[in-house]
Amino acid sequence: MLRSLFSGISGLRVNQTALDVTGNNIANANTTGFKSSTTVFSDTLSQIMTGAGNPTDATGGTNPLQVGLGVQVSATATNFGQGSAQTTNKATDLMIQGDGFFVVRKGGENLFTRAGAFSFDQSGQLVTPSGNRLQGYVLDANGAPAGGLVDVTLDVANAVPAVPGGVALTSYQIGSDGKLRGIFSDGIQRDMAQIAVADFVNPQGLEKVGETSYRTSANSGQPEYGLAGEGARGKLVGGALEMSNVDLAAEFTNLILAQRGFQAASRVITTSDQVLEELVNIKR
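Just so you know, we're using our numbering here: the sequence shown kicks off at -15 and counts up by one.
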């Protein structure tokens, strides 16, 4: 059977994958916090027809004669570049300006997201639209993070300094450092929690789990929890959301390339079929 027939089939498969990835990017062009992906192709094994030869006194060396056996998808790389900011003026909408991820709790698992469309539920917990609970730290008497990750809650019992009797919470705001600050009826602002930001050695290794969220994988490394503005972690911007980083012009170009690649691979299959037909008809 002709090698070109199987090479053409592999071309159909990888270009179909490229179409799938590009289609998903375009579908999520307006998804908050979405990060686009690209397909990376590589060739498969090559059949060696003639091996390389060493030079001799009489002749020079010869190169190997090899015929490729097709193409494969080697990676679908996620682009974690910064998306544009959309101002919403909603106090609980947050975006990370720079590297890092919000930490949200779903069941017994920590997930990571760039989508900062949060709101308070009826129990005062800061949650995503699907109910995943944003994680952060309670504060000690000096206003510094204490202990491990906990749900970020609008709870006056955690306020620093303590709230005296008869004083009520009137409003709140979230600063660029991630601190949830309450404004009280006595005119004093008190910090009640601080939002955690996670970073990874290899964010490309994170596994997508839907809801614009990721989980750790064997190659992402463990999350390094910290605060906004610490190390390589970006600062928080309140009243704004990070939009998708999909570049529609580039995606439509990739769509055309994948389409033409698919057509070219199908033409290879058609031509190989015609050659096989000629071989079958030789005896006529």
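Using N, Cα and C, we set each Cβ at its ideal position, and we do this for glycine too.
Would you list the residues sitting across from Arg89 in a DSSP beta bridge? Numbered from its first residue, the sequence shown carries residue 89 at position 105. Partner(s): Asn94, Arg117.
According to DSSP, which residues form a beta bridge with Thr46? On the sequence shown, position 62 is the one that residue 46 refers to. Per DSSP, Gly37.
With distances taken between CB atoms, is the gap from Asp183 to Gly84 smaller than 8 Å? By 1-based counting over the sequence shown, the position of residue 183 is 199. By 1-based counting over the sequence shown, the position of residue 84 is 100. Taking C-beta atoms as the reference points, Asp183 and Gly84 count as a pair closer than 8 Å.
Leaving aside the five residues before and after Gln66 along the sequence, list all residues of the same chain whose C-beta is less than 8 Å from its C-beta, in chain order. Mapped onto the sequence shown, residue 66 falls at position 82. The residues are Gln81, Gly82, Glu226, Asn229.
Of the residues Ala141, Asn186, Gly162, which one's Cα is nearest the Cα of Phe168? Counted from its first residue, the sequence shown places residue 168 at position 184. Here the closest residue by C-alpha is Ala141.
Taking the beta carbon of Asn203 as the centre, do at least 16 other beta carbons fall within 10 Å, making it buried, or is it exposed? For this step, residue 203 is matched to residue 219 along the sequence shown. Exposed: under 16 other Cβ atoms inside 10 Å.
Could you check the C-alpha separation between Met33 and Leu(-4) for me, to the nearest Å? Translated into the one-based positions of the sequence shown, residue 33 becomes position 49. Translated into the one-based positions of the sequence shown, residue -4 becomes position 12. Cα to Cα, Met33 sits roughly 25 Å from Leu(-4).
Tell me which same chain residues have a C-beta within less than 8 Å of the C-beta of Asp170, skipping the five on either side of it? Position 186 of the sequence shown, counted from the start, is the residue given in the question as residue 170. So the list reads Pro148, Val151, once near-sequence residues are dropped.
Taking the straight line between their C-alpha atoms, what separation do you get for Ser155 and Thr22? As a position in the sequence shown, residue 155 is number 171, starting the count at 1. As a position in the sequence shown, residue 22 is number 38, starting the count at 1. If you take the alpha carbons of Ser155 and Thr22, they lie about 44 Å apart.
Just mark Asn(-1) as buried or exposed, buried being the case when its beta carbon has 16 or more other beta carbons within 10 Å. Residue numbering aside, residue -1 sits at position 15 when the sequence shown is read from its first letter. Per the 10 Å Cβ criterion, buried.
Would the beta-carbon of Leu78 fall within 8 Å of that of Gly218? As a working mapping, residue 78 is identified with position 94 in the sequence shown. As a working mapping, residue 218 is identified with position 234 in the sequence shown. No, Cβ-Cβ distance for Leu78 and Gly218 is not below 8 Å.
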